[in-house]
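So the sequence shown is numbered by numbering that gives the first Met the number 0: it starts at 0 and just counts up by one. Beta carbons are placed, not taken as given, at the ideal position from N, Cα and C, and that holds for glycine. As the structure is a computational prediction, the values presented were derived from the model and not from experiment.
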Amino acid sequence: MFSRILIANRGEIAQRIIRACREMGVQTVAVYSEADRHARYLPLADETICIGPADPAESYLNIPRIISAAEITNVEAIHPGYGFLAESAQFAEICRDCKIQFIGPDPESMRVLGDKVEARKLAARAKVPIAPGSEESVPTEDEAARLAAQIGYPVILKAAAGGGGRGMRIAHNEMSLRVAFHSAQTEAASAFKKSDVYLEKYLEQARHVEVQILADRAGNAIHLWERDCSLQRRHQKLIEETPSPALKADLRDQLCKAALRLAKAANYVNAGTVEFLLDKDQKFYFSEANTRIQVEHPVTELVTGVDLVQWQLRIASGEPIKLRQKDIGQNGAAIECRINAEDPANGFSPCPGRIERFFAPGGPGVRLDCHVHAGYEISSRYDSLIGKLIVHRRTRAEAIACMKRALEEFEIGPIKTTIPLYLEIMSHRQFVKGHVDTGFIERTW
Ligand code: MV4
0 MFSRILIANR GEIAQRIIRA CREMGVQTVA VYSEADRHAR YLPLADETIC
50 IGPADPAESY LNIPRIISAA EITNVEAIHP GYGFLAESAQ FAEICRDCKI
100 QFIGPDPESM RVLGDKVEAR KLAARAKVPI APGSEESVPT EDEAARLAAQ
150 IGYPVILKAA AGGGGRGMRI AHNEMSLRVA FHSAQTEAAS AFKKSDVYLE
200 KYLEQARHVE VQILADRAGN AIHLWERDCS LQRRHQKLIE ETPSPALKAD
250 LRDQLCKAAL RLAKAANYVN AGTVEFLLDK DQKFYFSEAN TRIQVEHPVT
300 ELVTGVDLVQ WQLRIASGEP IKLRQKDIGQ NGAAIECRIN AEDPANGFSP
350 CPGRIERFFA PGGPGVRLDC HVHAGYEISS RYDSLIGKLI VHRRTRAEAI
400 ACMKRALEEF EIGPIKTTIP LYLEIMSHRQ FVKGHVDTGF IERTW
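The structure is reproduced here in structure tokens:
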């Protein structure tokens, strides 16, 4: 195992990684921007180092500064967390060149899965179902129109370098497709510096179900079942849960096996997630693969009893996975609510400012992954996630009751948060029945 690693991230995930390391006896170096200088999780690390000003481009996203910090502090490995540099194949490659172990997959796997057209081809080769669509990126408007007529409307245009929903356009007819083609290309070029787009049949009222996997250098790969992330708004997940209320045992097995086929085809190592869309007819299609630890990983940890961050470190240090697939069950039900400093009554506008009142929920079944506290100043520079409230109970109904109780206990003020929205959702008939799709929030609120 490593004796010392650097955490190239901030906030709750930096704190989560420090916690994993302390339990394993691994020393930590936490980096911080000037805006995070007084963050309370920093003293939990063995060493801290300032990497620049508040602007992420000059700190958490700045590769030379992160690498310099790693060299100065003499670490063996870097954990990128999620966001920032977590899915940068270039960063993983520079780490390798500098003889620092990147805690994640190889840059080659990151590159192929990061290109959504390449990932689709890989999925097809691995016999993982993909939605009908283009085999390559679509070069011209006329070619898009020809393909769409063949596939049948509605269709969705996606950026090859995209992911997470940015730069997508849905078209219901040829006229709107021709317009959408150019706006998708333009948006892709500005967001990802690559204008390539591809086409897929649009699946209506789909659910988003993803499979967690772990794979090691020795060729062992296991899955840790699924997470249902259908409750989202504008591609921001709000609530995640496991098991998915939409899956029967047989379909669940098929999804998990498909995820492992893709991981093997990509020579995948470390923790990863394979996303699927599940349509109304219970058919599933590969959507994308995420080559990082995800925000919603705690629900999987609670239900499987596996510490995913600790396994990320063991795998990166060369240890084989000694967990057996048959020993990984789904024990009970877990739900996560992402607590955002946003006002749901006002179009989810961000609410930066100082937290004056803070009371944390607790008690049976409650886990709170949160780095903020009374006196904490929420900066508008970083994303609005201020913590995650996660519950684990024997059944989904009990988990919902526990989440309601914990949300009621939770007090954060005077800034606005998404807590009141989650209280409404926990009592919503459709959610309680497990009947939600990715359009639920936008239709209902
Ligand atoms: C789709 C889709 C429907 N059909 N692909 C969004 C996130 C990314 N991982 C995949 N996404 C989608 N891909 C096909 N072929 C629906 C989504 C989708 C979505 C699309 C538009 C507006 C909101 C959405 C919310 C979740 C998923």
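CA-to-CA, the gap between T416 and S379 works out to about 14 angstroms. According to DSSP, residue pairing for P349 in a beta bridge involves E341. The three-state reading of DSSP puts K387 in strand, counting E and B together.
Using a Cβ-Cβ distance cut-off of 8 angstroms, the stretch 161-168 and the stretch 97-110 are not in contact, since fewer than three pairs of beta carbons, one from each stretch, lie closer than that value.
Boundaries of the alpha helix (DSSP H) harbouring H181: E173 to F191, taken from the DSSP string. Nearest neighbour of I17 by Cα position, chosen from V308, V273 and S136, turns out to be V308. Here A56 carries a helix assignment [DSSP, helix/strand/coil]. Counted as a single uninterrupted DSSP element, the alpha helix (DSSP H) harbouring L312 occupies residues L307 to A315. When DSSP assignments are scanned along the stretch 53-115, the uninterrupted stretches of beta strand (DSSP E) that are 3 or more residues long and fall wholly within it turn out to be 76-78. T27 sits in a strand when the DSSP states are folded into three classes.
The beta strand (DSSP E) runs of length 3 or more contained entirely in the stretch 360-413 are, from start to end of the chain, 365-369, 384-392 and 410-412. Inter-segment contact for the stretch 119-128 and the stretch 243-261 is present: three or more beta-carbon pairs are separated by less than 8 angstroms. Of the candidates H78, E86, F90 and C49, C49 places its Cα closest to the Cα of I71. Between R337 and K236, the gap from beta carbon to beta carbon is short of 8 angstroms. A buried status is given to V273, since no fewer than 16 other beta-carbon atoms sit within 10 Å of its beta-carbon.
The shortest C-alpha to C-alpha distance from R233 to any of P343, I424 and L250 is the one to P343. Between the alpha carbons of C369 and A38 lies a distance of about 12 angstroms. Straight across, the Cα-Cα distance linking Q324 with C94 is about 31 angstroms. Under the DSSP assignment, I327 falls outside any alpha helix (DSSP H); it carries neither an H nor an E label. Remark: the C-beta of Q281 is outside contact range of the ligand MV4, defined as less than 7 angstroms to any heavy atom.
Distance from the C-beta of Y152 to the nearest heavy atom of the ligand MV4 is not below 7 angstroms. Within the DSSP secondary-structure output, C49 pairs in a beta bridge with Y31.
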